[in-house]
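S.K.: Under the working numbering, the residue at position 145 of the sequence shown is numbered 172, and the numbers go up by one with no gaps.
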Amino acid sequence: MASVELRRQIVDSRPSDEPPVQRRFAGRKARVNQDGSKAFITTRIPRKSKVPLFNQIPPEILDDPDLASAISSLLPANYDFEIHKCIWNIRRHKYKRVALQMPEGLLIFACVISDIIERFAGHEVSCVIMGDVTYGACCIDDFTAKALGCDLLIHYAHSCLVPVDLTQMRILYVFVSIAINEQHLIATLKENFDRGTRLTLVGTIQFNGALHAARNAAMSAADDIGLDIQIPQISPLSRGEILGCTAPKIDPSATDAIVYVGDGRFHLEAAMIQNPGIAAYRYDPYSRKFTNEEYEHGEMLHVRYDAIEAAKSARRVGLILGALGRQGNYATFDKIRGYLVNRGIDYTLLLLSEIFPQKLAEFEHLDAFVQVACPRLSIDWGYAFAKPLLTPYEACIAFGDAEMWSALDAVVGGQGEGYRMDYYAKDGLGRTFS
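(1) For N319, which of R309, Y313 and E326 has the nearest alpha-carbon?
(2) I need the boundaries of the beta strand (DSSP E) containing C154, first residue and last residue.
(3) Who are the Cβ neighbours of C187 in its own chain at under 7 angstroms, not counting the five residues just before and after it?
(4) Could you tell me whether the stretch 113-126 touches the stretch 172-188, where touching means 3 or more Cβ pairs closer than 8 angstroms?
(5) On the CB-based measure, 16 or more other CB atoms within 10 Å of its CB, does M246 come out buried or exposed?
(6) Check the C-beta distance from Q354 over to C154 and give it rounded, since I have them as a contact under 8 angstroms.
(7) Rounded to a whole number of angstroms, what is the C-alpha to C-alpha distance between E444 and M431?
(8) Using the three-state DSSP reduction, which class does F383 fall into: helix, strand or coil?
(9) Which of helix, strand or coil does DSSP assign to E323?
(10) Suppose the cutoff is 7 angstroms on Cβ atoms and the five residues either side in sequence are ignored; what does the same chain contact list for L102 look like?
(11) Under a Cβ-count criterion, where at least 16 other Cβ atoms within 10 Å of its own Cβ denotes burial, should L378 be classed as buried or exposed?
(12) Please identify the residue among D333, L456, I372 and F293 whose C-alpha is closest to the C-alpha of A341.
(13) For the beta strand (DSSP E) containing R225, name the first residue and the last one.
(14) Tell me, please, which residues DSSP counts as bridged to V286.
(15) If you compare alpha carbons, which of D394, R403 and D428 is closest to A413?
(16) Taking the Cβ atom as the reference point for each residue, do M327 and I406 lie within a distance shorter than 8 angstroms?
(17) Below 8 angstroms on the Cβ atoms is my guess for L351 versus I363; work out the distance and round it to an integer in Å.
(18) Taking DSSP as the reference, what is the three-state secondary structure of R349?
(19) How many whole angstroms separate the CB atoms of T459 and A297, which I take to be in contact at a CB cut-off of 8 angstroms?
(20) Let me check one thing: in DSSP terms, what residues is L127 bridge-paired to?
(21) According to the neighbour-count rule (16 or more other Cβ atoms, all chains shown, within 10 Å of its Cβ), is A338 buried or exposed?
(22) Does the stretch 224-237 come close enough to the stretch 282-298 that 3 or more CB-CB pairs lie under 8 angstroms?
(23) Can you tell which of A284, R331, P312 and Y366 has the C-alpha that lies nearest to the C-alpha of E321?
(24) Within 10 Å of its beta-carbon, does R331 have 16 or more other beta-carbons around it, so buried, or fewer, so exposed?
(25) Using the Cα positions of V31 and R225, report the straight-line distance between them to the nearest angstrom.
(26) In terms of residue numbering, what span does the alpha helix (DSSP H) encompassing V139 cover?
(27) By Cβ distance below 8 angstroms, which residues in the same chain neighbour P85 in space, the five residues on each side in sequence not counted?
(28) At what residue ranges does the stretch 204-271 contain a whole run of the beta strand (DSSP E), taking only runs of 3 or more?
(29) Can you look up Q301 in the DSSP assignment and give me helix, strand or coil?
(30) Looking at the unbroken beta strand (DSSP E) that takes in L199, where does it start and where does it end?
(31) Given a threshold of 16 other Cβ atoms within 10 Å of its Cβ, counted over all protein chains shown, does A400 qualify as buried or as exposed?
(32) Give the single residue among V397, S262 and M129 whose Cα lies nearest to the Cα of N356.
(33) Could you have a look at K121 and say whether DSSP puts it in helix, strand or coil?
(34) Rounded to the nearest angstrom, what separates W408 and G223 at their Cα positions?
(35) Measure the C-alpha to C-alpha separation of L193 and A97 and round it to an integer number of angstroms.
(36) Is it buried or exposed, S40, if we count other Cβ atoms within 10 angstroms and call 16 or more buried?
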């Protein structure tokens, strides 16, 4: 196994004199700063991602100079909102009212996109901007869009999690691929890892194209780069794509480190939880900083184990169905309800769009809760709730027939099953539809 050595100064970025504040459970991180003296000088103009569907779009849309001018002057050049594809779908199907749903980080472009669509649709179209919080594709809100009279929902920045044949209306997914300086990413990896190091690249869907382009470029120059780069897949997600609740299980004997490409570490933490024995790093394509990331696996597993054990003695359970878009999977909800019935445990059904400690504290007669919404809510914030708040996976352990995860040492040594982060995998609890 090739050794991995960081060759930049590591700085503890945590403030030393500020009082502790309550935050979600997360591991530590060490920042690896670039001092400007490194030879990362390769730059180029970002290019748009090539989208196969463009081949089906007629020239009058693709070659419209006014549309091209609007896109280039009003939207960032390295963000691909696939405006041509959206216009073509609206024209082809004669949609009249279009809902636009996107995460908060993209809402600053929502009005511009709405104006472009309404101007170039070719017929009278009105757009509705859905401003409620959108954490992921699990929050796709086709119910509200239909209630507003929309006949198309364009969902930005996430891949499809809910089968299109189960939604209430037509859905068009736009990944919003983001072009980055792939040569800088390759140079950073080359600078920080020894020749022969085996790396596993993962990222969010926005950087999926960049992941594959970087790997192909590195493998084409294998003699110079000297790194063995692989991109894993957890089906049915795209190869290299990870979610905050879903990440591939990687053979620790086949890789030396996981490298996540993206801003923040929320998604990376899913890969770290799923693979506790593999070193993890993060490359931020915006700041171009490369950091060594750590996670308090032992503490997290201890907290979740205690919550499960406490829930086993509950006499009355609150069963929560998430109402934020499509977060609440009713088939999984009904499965857990069946476990409670079989064990003779009383339960109360709750419907909540947002789950927080103060809200659940109002239900004093309940001994524990199971939330069919977002697994990370329990993992990251479970310690802040006065009573156990289980994920569907943990509920299957507490009340069903699923087995508890193995000891951390055994998992790291490849001898046991760890905490599962496969919620939207092919057979995951998030994809249980009936």
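Every residue, glycine too, gets a C-beta built ideally from N, C-alpha and C.
M.R.: On the basis of the supplied data:
(1) For this step, residue 319 is matched to residue 292 along the sequence shown. The shortest Cα separation from N319 among R309, Y313 and E326 belongs to R309.
(2) Residue 154 sits at position 127 when you count from the first residue of the sequence shown. From DSSP, the beta strand (DSSP E) with C154 extends over S153 to M157.
(3) As a working mapping, residue 187 is identified with position 160 in the sequence shown. Answer for C187: A164 and Y200, listed in chain order.
(4) yes
(5) Your numbering for residue 246 matches position 219 in the sequence shown. Exposed.
(6) In the sequence shown, residue 354 corresponds to position 327, counting from 1. In the sequence shown, residue 154 corresponds to position 127, counting from 1. No, Q354 and C154 are not in contact; Cβ-Cβ is about 25 angstroms, not under 8 angstroms.
(7) Residue 444 sits at position 417 when you count from the first residue of the sequence shown. Residue 431 sits at position 404 when you count from the first residue of the sequence shown. When rounded, the distance between both Cα atoms is 9 angstroms.
(8) Against the sequence shown, residue 383 aligns to sequence position 356. Residue state, collapsed to three classes: coil.
(9) Here residue 323 refers to the residue found at position 296 of the sequence shown. The answer is coil: DSSP assigns E323 none of H, G, I, E or B.
(10) In the sequence shown, counting from the first residue as 1, residue 102 sits at position 75. Excluding sequence neighbours, L102 sits near F108, F136 and V139.
(11) Looking up residue 378 in the sequence shown gives position 351. Exposed, because fewer than 16 other Cβ atoms sit within 10 Å of the Cβ of L378.
(12) To locate residue 341, count along the sequence shown from 1; it is residue 314. Closest by alpha carbon: I372.
(13) For the purposes of this step, residue 225 is identified with residue 198 of the sequence shown, where counting begins at 1. Where R225 is concerned, the enclosing beta strand (DSSP E) stretches over R225 to G230.
(14) Here residue 286 refers to the residue found at position 259 of the sequence shown. V286 pairs with L228 and Y308.
(15) Sequence index remark: in the sequence shown, residue 413 carries index 386 (1-based). Measuring from the Cα of A413, the nearest candidate turns out to be D394.
(16) Counting from 1 along the sequence shown, the entry for residue 327 is found at position 300. Counting from 1 along the sequence shown, the entry for residue 406 is found at position 379. Against a cut-off of 8 angstroms, the Cβ pair of I406 and M327 comes out as a contact.
(17) Translated into positions along the sequence shown, residue 351 becomes position 324. Translated into positions along the sequence shown, residue 363 becomes position 336. With a Cβ gap of about 18 angstroms, L351 and I363 do not count as contacting.
(18) Against the sequence shown, residue 349 aligns to sequence position 322. According to the sequence displayed, residue 349 carries Gly and not Arg. In this structure, G349 counts as strand in the three-state DSSP scheme.
(19) Start at 1 with the first residue of the sequence shown, and residue 459 comes out as number 432. Start at 1 with the first residue of the sequence shown, and residue 297 comes out as number 270. No, T459 and A297 are not in contact; Cβ-Cβ is about 19 angstroms, not under 8 angstroms.
(20) Position 100 of the sequence shown holds residue 127. According to DSSP, which records beta bridges pairwise, L127 is partnered with I156 and I181.
(21) Counting from one through the sequence shown, the residue named residue 338 turns up at place 311. Result: buried.
(22) yes
(23) Position 294 of the sequence shown, counted from the start, is the residue given in the question as residue 321. If we check each option's Cα against that of E321, A284 comes out closest.
(24) Working through the sequence shown from its first residue, we reach residue 331 at position 304. Answer is buried; the Cβ neighbour count reaches 16.
(25) Translated into the one-based positions of the sequence shown, residue 31 becomes position 4. Translated into the one-based positions of the sequence shown, residue 225 becomes position 198. Low per-residue confidence applies at V31: pLDDT is 42, beneath 50, and the placement is therefore not dependable, though the value from the model is reported in the following sentence. Straight-line Cα distance between these residues: approximately 10 angstroms.
(26) Taking the first residue of the sequence shown as 1, we reach residue 139 at position 112. Residues A137 to F147.
(27) Locating residue 85 in the sequence shown gives position 58, counting from the first residue. So the qualifying residues of the chain are W115.
(28) 225-230 and 255-257
(29) Against the sequence shown, residue 301 aligns to sequence position 274. The answer is helix: DSSP assigns Q301 an H, G or I state.
(30) In the sequence shown, the residue the question calls residue 199 occupies position 172. That run of the beta strand (DSSP E) goes R197 to V201.
(31) The sequence position of residue 400 within the sequence shown is 373, counting from 1. Under this definition A400 is a buried residue.
(32) As a first step, residue 356 is located in the sequence shown; it is residue number 329 there, counting from the start. Comparing Cα positions, the closest option is V397.
(33) As a working note, residue 121 is residue 94 in the sequence shown. Collapsing the DSSP output to three states places K121 in coil.
(34) Along the sequence shown, one-based indexing puts residue 408 at 381. Along the sequence shown, one-based indexing puts residue 223 at 196. Rounded to the nearest whole angstrom, the CA to CA distance from W408 to G223 is 39 angstroms.
(35) Residue mapping note: residue 193 aligns to position 166 of the sequence shown, counting from 1. Residue mapping note: residue 97 aligns to position 70 of the sequence shown, counting from 1. So the two alpha carbons sit approximately 35 angstroms from each other.
(36) The residue given as residue 40 occupies position 13 in the sequence shown. Bear in mind that a pLDDT of 40 at S40, under 50, signals an unreliable position, so the number given afterwards is only what the model happens to contain. Its Cβ having fewer than 16 others within 10 Å, S40 is exposed.
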